[in-house]
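Protein chains in written order, with our numbering: chain A, 1 to 348; chain B, 349 to 696; chain C, 697 to 1044; chain D, 1045 to 1392.
Here it is as structure tokens:
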């Protein structure tokens, strides 16, 4: 079988370079175009010395050229860019896997309100598939355009969707408290708040009650619940490089033990190659997921308060971004879903 | 005025040595007895080279001897020890400031259930004052025995008590999500999970839904609310040495803006020397509280979800333990409340 | 071609589990025996949740059984153990790749002096090949027993051997200053000094002037120089998990620019798959080598002082241990030297 | 006694704010002017929430105004600024304590070569006293202008000066290898290399063989040795916020044991309030010096190599900058040298 030629726009951002790392050793992929505005003309292994022996020249991303040289394009770019790039790539018959939020929200008005930009391609929004295979695998199979979930939604949705779908928890009153590593802020976010002496030994919440990932979570949970779901969502930064730990609180719809709740998760994720539900004896930690596409889960019944408390751990650049993107690629091209994603992360 | 002679039992634990650090430069305190089982016979500055020029010899803590040489005794010991030491110290007419949980819970049965030990001094439980000055200042003035709050309850109570007391939030449905530095686990907790290569770059939740600090939080919030309060409480470990960031979610009893909620906090803490309520422009971070007795607070209205989200940042060894203990000492001995606690923490 | 069956003794130590991680995806290796005293009977993915889908049962390491089930045995054990296990494995016709120091030092007396133990297999010492391919590739080809270098010697030897061999620097007056991540201390080294709140934000030197890796460095440098080399060597611990940065100071034998010195390194390592010599524009950092078998190098002429200053960065568990071990395996079995080692590390 | 009014230019840099923290609780100091270009008009506790209740308004630093309102001026500014500000302040009869390198180097040509700027006040260079009290206490007593040492020279000089002065080590062949926390780079150094996801878990050397602190070290060691001293000096960055660990290698002039070498250090520093020489049983760590003005030292004889290896640990913002500056102030104004510096750092 011929290899899939893949172009990456934004190859030197943290999400982009993680995709490059994964794709470089994907047995059915040939990296054919590495786009980077910032480092154009430089060699990739100069910018990222951990990568060696790859197609090295970084070029300004040019969609027509990318369409010529690639079968699939990873758009690892910021909000507002994908909606301009995607149409030409799709018209050229290419598949697009988008890291930006441009095609995640089905309600264009909500997108425009949260991202403060007019949508340039509202007509593509409906077609785009929200690229979380555990929720939308079937739609992804034939998709031309996958909108890879935000890192926080990935962790939150994987934690609570099965309990919500099974009606084990109520759809109102959900609280999502997430703790993220700093790479989630990206490489271009260099600023005083992420200056090592400031952030090391510190942590904080940010964008309390109005983070951009909230409507994305609500959209997907509403679809799962079959009615409008409103959540409280608070993201926090902690001094680790990779990883999101999410703690979800939801009211139990009926009495249930921790074991019963775990069974629901386990049943929901049976056969899922990257989901692992822990039993009573352990709780998820982010570090064992680092560098991988795995999501580790556990759930506890808080009997006094009548709540389920679900914990999920992912690598925000793995299952939270580039890993899921590669998983989408595999599905969209009919490859085994785990291809190129089997390698474990690094520990310790 | 003559100095208060203070003995510290458990002076080489993290809580004890932080108390020693503060007391050593307290203008009205003379450190007269440093108790340590582990390091008896050694010099304090050998065990802790950051401390110099202090009464150096570490001795096994002996209550009668401590009573002879001290006016006040800090019991920086584990659960189950204070309840045996406190009676003799009180009988000798001394004041006791207890870091252990032994006298925090008014319901001895709850204590015994959570701490798996029979209470040896149930008769003292009622007399003991829960040592959070912001909630119990008047009772502390005449107190013989102060039970310094647990580090998580300190951060959580300071965050939510004013909103609950003012009926701005409902008493049911409160969720408390706390993120703690590792020093909270103590110095004697050396184990694989806190081994640097394991914990660095990791984070996790633990004792989900059944942490020992939950009943303490519920006891105090119930007193504030005037009715039984049940909370969901999840503690997390993050790779910082000091600091607890607490995120509290509570249902608004009526519509309220972030500013209105902040006003309630600000009014409640007017005149409090160690509480600082931030306005709209900033959110608390733990590092600026490090080494200090300060608590930084902010609140946001989550209008879509009808919730208040309150954030508090403290140093778990400062306002979360030794700082509050010194504040209790000052109150119990009629000293200015800030004495010995004015020095700022260290930043960056 | 049939796969090489590999057994790992000490599979749950940090060195062992890194070997397992690499071997698990080595195309010509079948992991056939995972030995662990501490965790025998448990599943590997319970002890190390980052590893999935591997031969999961951990067994007590039994050499006869290992010899039956494996073609090669990785002995990821402490000093004093390999010298007892290796003879039986070699007698059974197996190849042994030893992580311990037991067969590194050709002078048994020096070994016994530094490791405080009588050598149980002095007869094998001469046969054992010091397993640094860049110095001993040819001998490794036919070897039955490879003694993988210590992590510090790996970094130090790769830095200075070419300059010494080429006589660009003098053989006396060499100073080696190494900074190591904490994983080098191992997983069983849990103790107060590596307790997160103690080590985080700290660093220190240890075993100044008498570290066990010093004779190993001197043995190999003496062989390179053709005369006895004595070095000053100081190891330091810094709060990172992986990585050794080594700074080597050597007197220039004749005037030489940084470029000339770099050329010597570059010529020496031409064709070496894992060695990368930086030019004037950059210096090595440990993080880009993390999880890989790469060594990054740079050299500067200190003209005022008449010295060469060479910097090397490796992952102490990669090129400093398990990576080099796999490279030895490849050489000993006639496989392409990079097999199973091509995957880059993770960054950031 | 009337308080000394002190102005701080550059009060919001890391060095400046550490000086403010120390001066704010100095019993004989009144902070009378806080200069900050970046944050002028803001309150200090908004920029640095760890500081409370201080003269809060930040103003652009204006030397005439500062001269009117202050008796002493701390110039916590970058190279090239102090040489323009100092003359007017000195003419106004004020004492100047300079954090910049402008007056450290007695050879103006060397200064200009290393700092790439013409010296605007070469006439003041001779008068300026190199502000390391342990080397220049007597000259500081009457000084108008103290040039506080660079952070690396402070740690290096305190380590090796006594052995050099006593002729226990030779003056040639000295190697200085320093490992620094990131705060040494300053607050305005925000850039990709100090971005948390880049630096965390990494370390590197920089400005190998040509760092600006090298001539400063050589100048002072030459004065101590009575002849020209040339050193090799390599600074490294490690992921801690505060602290410099320096390892100095020097050839023994005659055989000497570790104890004998330690005695020389101990004798040299007898009576020094901030120097502590460890015995055989321990080695310096940076964390116990954090936030303090202490320097911890140890020395080992490397008998095989004929070297002394000296280790020193300081807080780069404490003894390495602001602490020493306050010590200079005390000496210059005839106050007890430890005033305002007695408080220990924070640990853990």
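Each residue gets a CB set at the ideal place from its N, CA and C atoms; glycine is no exception. Predicted model, so just to flag it, every value in this text is computed and none were measured.
Close partners of residue 914 of chain C in chain B (Cβ separation under 9 Å) are lacking, with about 29 Å as the shortest Cβ gap. Each residue's CA atom was taken as its position, placing residue 277 of chain A and residue 465 of chain B some 34 Å apart. Residue contact check for residue 387 of chain B against chain C: no CB pair falls below 8 Å.
A straight-line Cα-Cα distance of about 12 Å links residue 541 of chain B and residue 554 of chain B.
Per DSSP, residue 1343 of chain D lies in no alpha helix (DSSP H) segment; the continuous beta strand (DSSP E) that holds it begins and ends at 1339–1346. Under the Cβ criterion of 8 Å, residue 173 of chain A is counted among the residues facing chain B. Here residue 1325 of chain D is exposed: its Cβ has fewer than 16 other Cβ atoms, across all protein chains shown, within 10 Å. Residue 987 of chain C and residue 1017 of chain C have their C-alpha atoms spaced approximately 11 Å apart. For the stretch 153–222 of chain A, the continuous beta strand (DSSP E) assignments of 3+ residues that do not extend past its boundaries occur at 174–180, in sequence order. Taking residue 1208 of chain D as the centre and dropping the five residues before and after it, the same chain places the C-beta of 1215, 1265, 1268, 1269 closer than 7 Å to its C-beta, in chain order. For the pair of segments examined, the stretch 699–717 of chain C was found not to touch the stretch 525–540 of chain B: the number of CB pairs separated by less than 8 Å stays below three. Annotation: residue 930 of chain C has no Cβ neighbours in chain B at a cutoff of 9 Å; minimum Cβ distance is about 20 Å. By the C-beta criterion, the stretch 1307–1319 of chain D is judged not to be in contact with the stretch 1248–1263 of chain D, since fewer than 3 inter-stretch pairs fall below 8 Å.
Going by C-alpha positions, residue 497 of chain B is about 13 Å away from residue 426 of chain B. If the five residues before and after residue 232 of chain A are omitted, its C-beta is found closer than 6 Å to the C-beta atoms of 175, all from its own chain and listed in chain order. A Cβ-Cβ distance of about 5 Å is found for the pair residue 996 of chain C and residue 1005 of chain C, placing them in contact under the 8 Å criterion. Leaving aside the five residues that flank residue 302 of chain A on each side, the residues in its chain whose CB is nearer than 6 Å to its CB run, in chain order, 309. For chain C, none of the residues of the stretch 1057–1068 of chain D brings a beta carbon within less than 9 Å of one of its beta carbons. Buried is the label assigned to residue 1328 of chain D, since at least 16 other Cβ atoms lie within 10 Å of its Cβ.
Distance from the CA of residue 744 of chain C to the CA of residue 449 of chain B, rounded to the nearest whole angstrom, comes to 35 Å. For residue 1032 of chain C, no beta strand (DSSP E) encloses it, and the DSSP letter there is neither H nor E. Taking a C-beta cut-off of 9 Å against chain C, the contacting residues of the stretch 1277–1297 of chain D are 1277, 1278, 1280, 1282, 1283, 1284, 1285, 1286, 1287, 1289, 1291, 1293, 1295, listed in chain order. Counting only residues of its own chain and dropping the five nearest sequence neighbours on each side, residue 1290 of chain D has a CB closer than 6 Å to the CB of 1199, 1200, 1203, 1222, 1356. Secondary-structure assignment with DSSP links residue 1276 of chain D through a beta bridge to D/1219. Annotation: the continuous alpha helix (DSSP H) that includes residue 606 of chain B extends over 606–616. No Cβ-Cβ contact shorter than 8 Å links residue 583 of chain B with residue 550 of chain B. Across the set A/67, A/334, A/318, A/254, the C-alpha of A/318 shows the shortest separation from the C-alpha of residue 21 of chain A. Around the beta carbon of residue 548 of chain B, a 10 Å sphere encloses 16 or more other beta carbons of the protein chains shown; the residue is thus reported as buried. Residues of chain D with a Cβ closer than 7 Å to the Cβ of residue 192 of chain A are, in chain order, 1234.
In this structure residue 475 of chain B is exposed. Its beta-carbon is surrounded by fewer than 16 other beta-carbon atoms within 10 angstroms. As computed with DSSP, residue 1294 of chain D is found in a beta bridge with D/1352. Listed in chain order, the non-local C-beta contacts of residue 1074 of chain D below 8 Å within the same chain comprise 1047, 1048, 1049, 1050, local neighbours out to five positions each way being set aside. Shown here, residue 833 of chain C sits in a helix according to DSSP, grouped into three states. Burial state of residue 348 of chain A is buried, judged by a 10 Å Cβ sphere holding 16 or more other Cβ atoms. 396, 397, 398, 399, 400: these are the residues of the stretch 390–401 of chain B whose beta carbon lies less than 7 Å from some beta carbon of chain D, given in chain order.
Beta-bridge analysis with DSSP links residue 346 of chain A to no other residue.
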